[in-house]
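Numbering (full-length UniProt numbering), first residue to last: 1 to 309. All C-beta atoms, glycine included, are put in the ideal place defined by N, C-alpha and C.
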Amino acid sequence: TSTPTASPPADSLTDTPPSEKSGERRPGPSSGQHRAADHPTTDRQLVWLDLPQSLDALDELLGCLWHVLGPDAHIIAGGRIKHMTRSMNDVAARWFDEVHASLGVRKARVLHISRPRERPAITGTWPRSNTVDGLTIHAHGGVFHTTGLDAGTALLLSHLDDIAADVRTDVVDLGCGNGIIAAQLARRLPTARVHATDVSWQAVDSTRRTAAANGLDVITHWCDGLADLPDASMDVVVTNPPFHRGTAQDHAPTFAMLTDAARVLRPGGALWCVYNNHLPWAAHLRRFVGQTRQVTRNRHYTVTRTVRK
C-alpha cells in the first residue's frame, strides 16, 4: 500500500485521493454496490467519521483515534459544508500530518485525514478540569462550555438558596452538561437525592467525574430528557436547556424536555429554568407545565419558576 502524500481533492466524497489509491486489487467481501477503487485497500485501517461541529469534540475524538490507529490508517470525516470551517483542518493537523478536503458534493464534503504525527501538537488531553466556585469541574470536549461556568447558569445558580428551599427529597438537573448545577445542588443539599440526566454520554461522564472529584453523591442517567425517571418522582427540576443543535436552532427537543418535566414533578413541584431572553418559552411553560413567574432577568437571560399544575 502506498504511503499517503499531498494530492488534489478526490472526484467524489467517497473516492480516496488519487495518490492514495493502490493499483492492486485484493480479494475480499463485496456488496457489489461500490467500486473497489473507491476505497483504500483492505490492509489499511479505515475510519468513517461524522464531523462534530464542536472543535473541542473533534479534538478529543481525533486524539482517541491517534492513540489506537496504525501508521497507515485513513480517516474519512464528512459533514455539511455550511457547518464546516477551516479550523477543523487545523484541529486535525494537531494529530495527523495529512489533512485535506474533498470537492463539495450535494452541499457536503469530507476531510481526508491520515499519517498520525509522531508527536501531536497539543497542549492538553481530554477530559479536562477546572476550578469554579470551589468546585473541580471535569468535562469532555463535546460538553457545552466545557469546564467553565456560562453566564446563564451563573444567573440561575445565583438563586440556589431559593431552589434548595423547594426541594424535600429529590431534585434533577435536566441536561446536566459538565455537572456544575448537579454538584452545586449536592453540595447545598447533602441529604437530598440529586439526579442528573443528559442525552450525551460525554455530559453524563463529565458529571460523574465532577461529582467524584468533589466527593458528592449524584445519580446520573444517560437518557433522552427525563425518560429514565418515573412519574411524580421529583420535587424540583432544574435546567439550562439547549436551544440549538450544533449551529442550527431547533426548539422542538427543548419543548419536549420542558413538557416532560410536568410528568416527573410531584404535585406542586417546581421547574427552575434559565433561557435567552429572545426565546418564547414562558408561554410554553405556562401552557404545558403550570403557573410561571419571572424570578430575575438581565440583559441576556431570564430565570423562571414554574409550579406544576
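DSSP state of residue i mapped onto helix, strand, coil
i           : result
Ile181      : helix
Leu258      : helix
Phe288      : helix
His251      : coil
Asn276      : strand
Met88       : helix
Trp222      : strand
Leu55       : helix
Gly28       : Confidence is the limiting factor: at Gly28 the pLDDT is only 32, short of 50, which leaves the residue's position unreliable, though a coordinate-based value still follows. Three-state result, Gly28: coil.
Gly269      : strand
Arg297      : strand
Thr146      : coil
Arg119      : coil
Leu61       : helix
Arg263      : helix
Arg308      : strand
Thr125      : coil
residue 314 : Residue numbering for the chain in the displayed model covers 1 to 309; residue 314 lies beyond these limits and cannot be assessed.
Gly93       : First, the residue type needs correcting, since residue 93 is Ala and not Gly in the sequence shown. Helix at Ala93.
residue 311 : The shown model of the chain, from 1 to 309, leaves out residue 311, and the question about it has no answer.
CB-CB length for residue i against residue j, believed under 8 Å
i      : j      : result
Ala108 : Ile75  : So it is not a contact: roughly 16 Å between Cβ atoms.
Ala182 : Val194 : 6 Å
Val264 : Val237 : 7 Å
Val110 : Ala77  : 6 Å
Val143 : Gly177 : 5 Å
Leu69  : Gln45  : 6 Å
Leu65  : Val47  : 6 Å
Nearest candidate by alpha-carbon position, reference residue i, set the options
i           : options                           : result
Arg286      : Asn276, Trp272 and Arg297         : Trp272
residue 347 : Asp224, Gly63, Val110 and Pro116  : Lying before the first or after the last residue shown, residue 347 is absent from the chain, which here runs from 1 to 309.
Ala92       : Leu55, Gly148 and Asp72           : Leu55
Tyr301      : Gln184, Asn276, Ala252 and Pro116 : Asn276
Gly269      : Trp281, Val307 and Pro242         : Val307
Pro116      : Ala73, Leu157 and Pro52           : Ala73
His278      : Ala262, Phe288, Asn298 and Arg266 : Asn298
Phe96       : Gly79, Gln202, Gln291 and Ser114  : Ser114
Ala261      : Asp217, Val171, Thr210 and Thr220 : Val171
Ala256      : Ser233, Asp228, Gly152 and Phe288 : Phe288
Asp224      : Ala213, Gly79, Leu258 and Ser206  : Leu258
Leu135      : Leu155, Thr210 and Pro242         : Thr210
Pro190      : Val204, Ala164, Gln202 and Ile180 : Ala164
Residues that DSSP places opposite residue i in a beta bridge
i      : result
Val68  : Val68 pairs with nothing; no bridge assigned.
Gln202 : DSSP output for Gln202 lists no bridge partner at all.
Ile163 : Paired residues: none, contrary to the question.
Ala282 : In the DSSP output, where bridge partners are listed per residue, Ala282 has none listed.
Pro190 : Note: Pro190 sits in no beta bridge, so no partner.
Asp235 : Paired residues: none, contrary to the question.
His100 : His112
Near the ligand GTP: residue i beta-carbon under 8 Å from a heavy atom
i     : result
Ala57 : Looking for the ligand GTP in the displayed structure turns up nothing, as the structure carries no ligands at all.
First through last residue of the alpha helix (DSSP H) which encompasses residue i
i      : result
Gly152 : Ala151 to Leu157
Endpoints, beta strand (DSSP E) assigned at residue i
i      : result
Thr131 : Arg128 to Val132
Ile81  : Unbroken run through Ile81: none, as it is neither H nor E.
Ala227 : Run containing Ala227: none; DSSP gives neither H nor E here.
His140 : Taken as a continuous stretch (DSSP letters only), His140 belongs to no beta strand (DSSP E), as it is neither H nor E.
Leu49  : Leu46 to Asp50
Leu174 : Asp170 to Leu174
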